[in-house]
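In what follows, a single structure is set out as structure tokens and then discussed.
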Amino acid sequence: MFAAYIRVSSRTQKSDSQRAEITKWFKGNGIDMKKVRWYEDKESGKSLARPAFDQLQADIFSGKIKTVVVWKLDRLARSLRQLLDTVDTLHSRQIGLRSLTEAIDTGTPG
């Protein structure tokens, strides 16, 4: 299962562009959209205590997720420490992380 995580900083902002870009990437890579679970938060990234992020973590820990896809790394974490902790968690569970705008893909050797 793929996880698509999107986040905007407030309830008044729209996540349409992130969703569209991630959907385009999935389809362009021949990934069946039935194998994608979406997680969306509409709040600040200052804290990792966000409802959809909490659900994503629960699904990661239960073994449901094999790859996490984000539009941009700052949607996942705001600080370098938060990001490194998240990447460490994913890596320790052999879960890939794909950031579309930074061209980061931890699921490949390159």
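Numbered per the numbering used here, the sequence shown spans residues 7 to 116. Every residue, glycine too, gets a C-beta built ideally from N, C-alpha and C. Please read these numbers as outputs of a predicted model, since none were measured by experiment.
Item: Are the CB atoms of Leu62 and Ala26 within a distance shorter than 8 Å?; Value: no
Item: Is Ala83 buried or exposed, if buried means 16 or more other CB atoms sit within 10 Å of its CB?; Value: buried
Item: Indicate whether Arg17 and Arg81 have their beta-carbon atoms separated by less than 8 Å.; Value: no
Item: From what residue to what residue does the beta strand (DSSP E) around Glu46 run?; Value: Val42 to Lys48
Item: Should Val75 and Ile28 be called a contact, given that it needs their Cβ atoms to be closer than 8 Å?; Value: yes
Item: Whose CA, out of Lys33, Trp77 and Thr95, lies closest to the CA of Asp22?; Value: Trp77
Item: Among the candidates Gly34, Arg99, Ala64 and Val93, whose CA atom is the shortest distance from the CA of Tyr45?; Value: Ala64
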